[in-house]
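J.: Numbering (the numbering used here), first residue to last: 454 to 1396.
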């Protein structure tokens, strides 16, 4: 075999890349043509009638039934996993219409669009320049038109690029949180390679495997495609001009026809309905195009007047060979031609097009003929609820039973156009768009409607006890917002944390980190410096604020935020912590209004004297504050001053953590009660945090004897065997505290023996039932607001419970946060990998990750929390720190805290000695924190 040096081929590819890059700048207009903002995308001025709602639901079912969950794409035709960029544009337009027509909620919209864009971002491009002409919708592989994998690809279609660019514009206008993502996708494409001499050029592969650029587009579609390019600043002036065209008389009407014929260009100059319908509903018919569209409709009416044959022609799939035809008014010198793309005639298969009939009906609502053709197809739906058929054959009068995304997508676009009062989707778009948090009431007529009525959600934290949770509605009066001054600037703030990263985030991981951080941007109170525990509630617990501080550290370590933002936010939070009213002058209350800083109950009702404290929440905050000192030592003095203001006399008693609750007696008195904490996993986590500060909590730290229950053949812990309390409150096992413990403290042998059966039981359930399982406590936007999807609870396996310990039927969720954490902790485990794949796209780029999705329906659970988004950031940080515990040991044991402890007699219940009660150690299993004194051995006994 003769060896051929690779250099010429390599140089040719480099040259193509450089030329493409140069052309990108040559054809790019610095100021893109952005859609104007005059009316809201969600402003439904002409609501659909009940019949129209039926049409819309039927069309949307096509996309529901043809969705490919692995890629986020949809099939171009029913059951056939293939699709072009044009088909992808159809789906985006349909998805946007479905959102504002209330056929899907914001959570489902985000889930679908995130998956779609994730796959689109990573598509293999033809010659690394532009998307291939067609892809397998199920695998995202480049394929030929027979759906056969094709390594090199077929080339690209400039018209298809124009179609998806128009769809991108609608998405960025109506959902601007996706704008940066879309811009990033376009930046990766060498769009300018499809532009030449002011025209659109596609690419095709010749038999000798060379690439040939060919001019694309004829009158109608050429102008439409060029408009899509123009929206993103790419100029194609010749393509957007109407010339060259001529007028051809057909049935007494002068019809505009592209004068470039098939014989000389090998391209069809067909005249069809769809290009004018798309221009009308998306850009608005104006000037000559409005006249041209009216002529194209009129000539079809004239044919009906002459022949009695209802006529609405355009290109369509058909349900038999050759499977795709152009039903035209005129093509290549022939009136009413029905041809293939190679100009082969099939007049016997001419059909009345469903999408064309819908389009003419709503573009010309007062036209009697448009109404007539519409009436012929408006009920042409498949009996199995799979969408609208493509049309009716003229000759046989039988339905053309092809089901396509093109037909159903255009129907949805058209109905959305009608609902907007016949307002074009692009020519005048909206200012009041979906930049806000998703609607919290998906039953509303329009997604934008937001109720100003009483809020009935509740804050939920690990400390919530059913006997203390108050779900009384919040008063509608707005509390006074308190402006809190940040602590003074610290000495020499560091540009980064002391934490050393093992590697950088991948581009995908960085997108996840940025999405998670969005929660803390969207729910930040600039006056108080606090973050809401959940997006639908203006309240925070110490646990939630600990989540925020941990998220701040992770975001700074991952370079998601700048040193300046980290310092400003940290000092503001520390300033707010110094201003929180303390319960009984001892410790922070269980919850606060994030605007007024006043204590509230878990229903948000003011409780001026406070409602007790949670030792678990204190533990979460102490862990976060300790790590702030360790990784950002410049804040040490400020942190120590805060924690020295607190009294620990009643929270740490005889080696046990205790919490305070306030109860109202029958005689109206309010009494404080102190009880040991017994929440499995949470107690162990909080105890380890207290040990960092020198507290002796050997009876609350992990260890001793645990009762277990058999779940999926595994001994899963259900509670610690203890004699210090008979309380049976909240007896359930969930993943949250165990994965948080593992991320921050590592898995010491005792914790590992609890952690492993908890994870393995969930993996085994998936193996047995096929149900993805990430059991956790999650917060949702409707009653019961807090759902504990347990591994075992109240004596039952896999039961969903509310805070009142009552079952929540069909309420089990797969937790996004827990899925991320398990994958970080067990990256090589196949089940944790499947969990990650099932949840990574469950986010809204504007407000963060959703809580998860429902096991039974797969529907996204609407709810955004600091806990979920903090854990995701921490999981991402754990990924890049060589799987080391996120809590790092401090080096300064001479700070104000330890000096004060050494002095003794503080009257605040400080530790007896100035030494930590836990230490970081390592063995063959990894690094972990362990109690300094290991006096007990873990024993498990089956219940």
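C-beta: ideal position from N, C-alpha, C; glycine also.
Among 613, 1066 and 1187, which residue has its Cα nearest to the Cα of residue 996?
T.: The sequence position of residue 996 within the chain shown is 543, counting from 1. Of 613, 1066 and 1187, the residue nearest in Cα terms is 1066.
J.: Roughly how many angstroms lie between the CA atoms of residue 628 and residue 547, to the nearest whole one?
T.: Indexing the chain shown from 1 puts residue 628 at position 175. Indexing the chain shown from 1 puts residue 547 at position 94. Their backbone Cα atoms lie some 14 Å apart in a straight line.
J.: Terminal residues of the continuous beta strand (DSSP E) containing residue 780?
T.: Along the chain shown, one-based indexing puts residue 780 at 327. Residues 777–780.
J.: From the DSSP output, in three-state form, read off residue 832 for me.
T.: The sequence position of residue 832 within the chain shown is 379, counting from 1. If DSSP states are grouped into helix, strand and coil, residue 832 belongs with coil.
J.: In angstroms with no decimal places, state the Cα-to-Cα distance between residue 791 and residue 968.
T.: Sequence index remark: in the chain shown, residue 791 carries index 338 (1-based). Sequence index remark: in the chain shown, residue 968 carries index 515 (1-based). C-alpha separation (whole angstroms): 49 Å.
J.: Buried or exposed for residue 1222, going by 16 or more other Cβ atoms inside 10 Å?
T.: Position 769 of the chain shown holds residue 1222. Counting Cβ neighbours within 10 Å, residue 1222 comes out exposed, since fewer than 16 surround it.
J.: Tell whether a beta-carbon distance below 8 Å holds between residue 1063 and residue 1049.
T.: For the purposes of this step, residue 1063 is identified with residue 610 of the chain shown, where counting begins at 1. For the purposes of this step, residue 1049 is identified with residue 596 of the chain shown, where counting begins at 1. No. Outside cutoff.
J.: Classify residue 1027 as buried or exposed, calling it buried when 16 or more other Cβ atoms lie within 10 Å of its own Cβ.
T.: One-based indexing of the chain shown puts residue 1027 at position 574. With 16 or more other Cβ atoms within 10 Å, it is buried.
J.: Alpha carbon to alpha carbon, what distance is there between residue 879 and residue 1408?
T.: The structure shown does not extend to residue 1408, since the chain spans only 454 to 1396, so no value can be given for it.
J.: Do residue 1284 and residue 1243 come within 8 Å of each other at the CB atom, strictly closer than that value?
T.: As a first step, residue 1243 must be located in the chain shown, where it is residue number 790. As a first step, residue 1284 must be located in the chain shown, where it is residue number 831. Result no, Cβ atoms of residue 1243 and residue 1284 do not sit closer than 8 Å.
J.: By the DSSP assignment, the beta strand (DSSP E) with residue 853 in it spans what residues?
T.: As a working mapping, residue 853 is identified with position 400 in the chain shown. Note, residue 853: beta strand (DSSP E), 852–856.
J.: Would residue 1169 and residue 1245 qualify as a contact pair, given that the criterion is a beta-carbon distance under 8 Å?
T.: Position 716 of the chain shown, counting from 1, holds the residue named residue 1169. Position 792 of the chain shown, counting from 1, holds the residue named residue 1245. Result yes, Cβ atoms of residue 1169 and residue 1245 sit closer than 8 Å.
J.: Take residue 603 and list the residues in its own chain whose beta-carbon comes closer than 6 Å to its own, dropping the five residues that flank it on each side.
T.: For the purposes of this step, residue 603 is taken as the residue at position 150 of the chain shown. Result list for residue 603: 595, 596 and 597, in chain order.
J.: Hey, how far is the Cα of residue 1077 from the Cα of residue 864?
T.: For the purposes of this step, residue 1077 is taken as the residue at position 624 of the chain shown. For the purposes of this step, residue 864 is taken as the residue at position 411 of the chain shown. Going by the C-alpha atoms only, they are around 53 Å apart.
J.: Are there three or more Cβ pairs, one per stretch, closer than 8 Å when the stretch 1193–1203 is compared with the stretch 1251–1263?
T.: No, they do not touch.
J.: Look at residue 586 and residue 608 and say whether their C-beta atoms are less than 8 Å apart.
T.: In the chain shown, the residue the question calls residue 586 occupies position 133. In the chain shown, the residue the question calls residue 608 occupies position 155. Result yes, Cβ atoms of residue 586 and residue 608 sit closer than 8 Å.
J.: In this structure, how does DSSP classify residue 971 when only helix, strand and coil are distinguished?
T.: By 1-based counting over the chain shown, the position of residue 971 is 518. Reduced to three states, the DSSP call for residue 971 is helix.
J.: Would you kindly report the start and end of the unbroken alpha helix (DSSP H) that includes residue 1211?
T.: Along the chain shown, read from residue 1 onward, the residue named residue 1211 stands at position 758. Residue 1211 -> alpha helix (DSSP H) spans 1202–1222.
J.: If I follow the unbroken beta strand (DSSP E) through residue 707, where does it start and stop?
T.: Taking the chain shown and counting its residues from 1, one reaches residue 707 at position 254. Its beta strand (DSSP E) spans residues 706–711.
J.: Which parts of the stretch 712–781 are runs of the beta strand (DSSP E), unbroken and 3 residues or longer, counting only runs that do not cross its ends?
T.: DSSP runs (the beta strand (DSSP E)) wholly in the stretch 712–781: 768–770 and 777–780.
J.: Going by DSSP, what residues sit across from residue 1113 in a beta bridge?
T.: Counted from its first residue, the chain shown places residue 1113 at position 660. 1066 and 1127.
J.: Please report the straight-line C-alpha distance between residue 1224 and residue 1305, rounded to a whole angstrom.
T.: Counting from 1 along the chain shown, the entry for residue 1224 is found at position 771. Counting from 1 along the chain shown, the entry for residue 1305 is found at position 852. For residue 1224 and residue 1305, the distance between alpha carbons rounds to 14 Å.
J.: Between residue 501 and residue 554, how many whole angstroms is the CB-CB distance? I'm expecting something under 8 Å.
T.: Looking up residue 501 in the chain shown gives position 48. Looking up residue 554 in the chain shown gives position 101. Indeed, because the Cβ distance is near 7 Å, the residues count as touching under 8 Å.
J.: Who are the near neighbours of residue 801 in its chain, counting only those whose CB is closer than 6 Å to its CB and skipping five residues on each side?
T.: Here residue 801 refers to the residue found at position 348 when the chain shown is read from its first residue. The residues are 848.
J.: At what residues does the alpha helix (DSSP H) containing residue 678 begin and finish?
T.: Translated into positions along the chain shown, residue 678 becomes position 225. Element bounds for residue 678: 674–684.
J.: With distances taken from CA atoms, which of 873, 1290, 590 and 671 is nearest residue 699?
T.: Numbered from its first residue, the chain shown carries residue 699 at position 246. Considering only alpha carbons, the answer is 671.
J.: Mapping the DSSP letters down to three states, classify residue 845 as helix, strand or coil.
T.: Taking the chain shown and counting its residues from 1, one reaches residue 845 at position 392. Strand, per DSSP.
J.: With 16 other CB atoms within 10 Å as the buried threshold, where does residue 1147 fall?
T.: Numbered from 1 along the chain shown, position 694 holds the residue referred to as residue 1147. Looking at its Cβ environment, which holds 16 or more other Cβ atoms inside 10 Å, residue 1147 is buried.
J.: Bridge partners for residue 1273 per DSSP, in chain order?
T.: Looking up residue 1273 in the chain shown gives position 820. None; residue 1273 has no bridge partner.
J.: For the beta strand (DSSP E) containing residue 1241, name the first residue and the last one.
T.: To locate residue 1241, count along the chain shown from 1; it is residue 788. Looking at the DSSP string, the run of the beta strand (DSSP E) that includes residue 1241 is 1239–1242.
J.: Can you look up residue 927 in the DSSP assignment and give me helix, strand or coil?
T.: On the chain shown, position 474 is the one that residue 927 refers to. Note on residue 927: pLDDT 36, under 50, position unreliable in the model; no value is reported.
J.: Taking residue 655 as part of the beta strand (DSSP E), name the residues at either end of that continuous run.
T.: Numbered from its first residue, the chain shown carries residue 655 at position 202. Where residue 655 is concerned, the enclosing beta strand (DSSP E) stretches over 652–658.
J.: Consult DSSP for residue 505 and reduce its assignment to one of helix, strand or coil.
T.: Counted from its first residue, the chain shown places residue 505 at position 52. Of the three classes helix, strand and coil, the one that applies to residue 505 here is helix, per DSSP.
J.: Just list the residues that DSSP pairs residue 552 with in beta bridges.
T.: Position 99 of the chain shown, counted from the first residue, corresponds to residue 552. Residue 552 is not bridged to any residue.
J.: Under 8 Å between the Cβ atoms of residue 1218 and residue 1226?
T.: Translated into positions along the chain shown, residue 1218 becomes position 765. Translated into positions along the chain shown, residue 1226 becomes position 773. Their beta carbons are under 8 Å apart, which means residue 1218 touches residue 1226 by this criterion.
J.: Can you list, in chain order, the residues of its chain with a C-beta nearer than 8 Å to that of residue 1381? Leave out the 5 residues immediately preceding and following it.
T.: Residue 1381 sits at position 928 when you count from the first residue of the chain shown. Once the five neighbours on either side are set aside, the close Cβ partners of residue 1381 are 1198, 1199, 1200, 1201, 1204, 1338, 1373, 1374 and 1375.
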